[in-house]
Amino acid sequence: VADSVTQSVEIEAPVEAVRLPAAEVHYNRYSVLAARNLPRASYQWSPSSMITGVTSVANPSVRLTRPQEFLIEISFPSGCKTTDSLLVTIKDDELDVPNAFSPNGDGIHDTWVIPYLEVYPENVVEVYNRHGQLVYRAKGYPAPWNGTFKGSPLPVGTYYYIIDLKGGRKKMSGSITILR
């Protein structure tokens, strides 16, 4: 009588390392990165100091102020590993600046709120009237502008702004309309 043992062995094909297409994120804003979605894989991102949460997920969060190259170590249950890379660059940010507000006391759009301006703490915001007179200036934009000049409401109309984000970034300019 001969004894025999049969065992099935599943062999995984090696997964080649890839350089993922570069990702672009906004300066100092939370963003989610993405690794390849591979079945049964586990992930480890490095440098881990640049990840704002868990580093062992396929899609970690980051908040970057400079470009960063990430390495993603991908491991499989078989013990095989591969390491992908991902270059993350910073967008040459232009803020999405609202072009109108209505300081009429109804509690809706009563001030000129500029989303994400706070991530540029050295910013300088200037607003001019149609004659080129400076009617508003703030460093760091501590509170949204309420459409006044020297404590008095400005008339309905179009005004012109310059926003200097500092740090070598291009100045932004455009128009802002006061409605009532």
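For the record, in the sequence shown the residue sitting at position 139 is 152 according to my numbering, with numbers rising by one throughout.
Even for Gly, the Cβ is constructed at its ideal location relative to N, Cα and C.
How many whole angstroms separate the CB atoms of residue i and residue j, which I take to be in contact at a CB cut-off of 8 angstroms?
i, j, result
"L99", "I87", "Between I87 and L99 the Cβ distance is about 12 angstroms, and since that is not below 8 angstroms, they are no contact."
"N72", "L46", "6 angstroms"
"T102", "P80", "5 angstroms"
What's the C-alpha gap between residue i and residue j?
i, j, result
"P111", "T78", "24 angstroms"
"A156", "F89", "51 angstroms"
"E135", "R76", "18 angstroms"
"R150", "V137", "7 angstroms"
"K163", "R49", "56 angstroms"
"K179", "Y129", "14 angstroms"
"T68", "D16", "49 angstroms"
"H43", "G181", "Residue 43 is actually Tyr in this sequence, not His. So the alpha carbons of these two residues sit roughly 22 angstroms apart."
"K127", "V28", "According to the sequence shown, residue 127 is Ile rather than Lys. I127 and V28: Cα-Cα distance of roughly 46 angstroms."
"W158", "Q146", "16 angstroms"
"L33", "E131", "31 angstroms"
"V22", "H39", "47 angstroms"
Thinking C-alpha only, which one of the options is nearest residue i?
i, options, result
"K184", "D119, P73 and L108", "L108"
"W125", "P80, S188 and F83", "S188"
"K104", "Q146, S165, L192 and N41", "N41"
"S62", "F83, A71 and A47", "F83"
"G153", "G92, E25 and Y133", "Y133"
"V255", "D16, P80 and T96", "The question about residue 255 has no answer, for the chain in this structure spans 14 to 193."
"T190", "L178, G170 and G181", "G170"
"I24", "A35, G92 and S74", "G92"
"P166", "P116, S44 and T68", "P116"
"A113", "L192, P60, L33 and T19", "L192"
"K94", "S186, A26 and R182", "A26"
"A36", "I127, S74 and S186", "S74"
The beta strand (DSSP E) spanning residue i covers which residue range?
i, result
"Y56", "S55 to S59"
"R76", "S74 to R76"
"K104", "Here K104 belongs to no beta strand (DSSP E), and DSSP marks it neither H nor E."
"V148", "L147 to K152"
| Below 8 angstroms, can you find three or more Cβ-Cβ pairs linking the segment 132 to 143 to the segment 170 to 183? | Judged by Cβ distances under 8 angstroms, the segment 132 to 143 makes contact with the segment 170 to 183, as three or more pairs qualify.
| field | At least 3 beta-carbon pairs within less than 8 angstroms: the segment 116 to 128 vs the segment 51 to 59 | value | No: the two stretches stay apart, fewer than three of their Cβ pairs being nearer than 8 angstroms.
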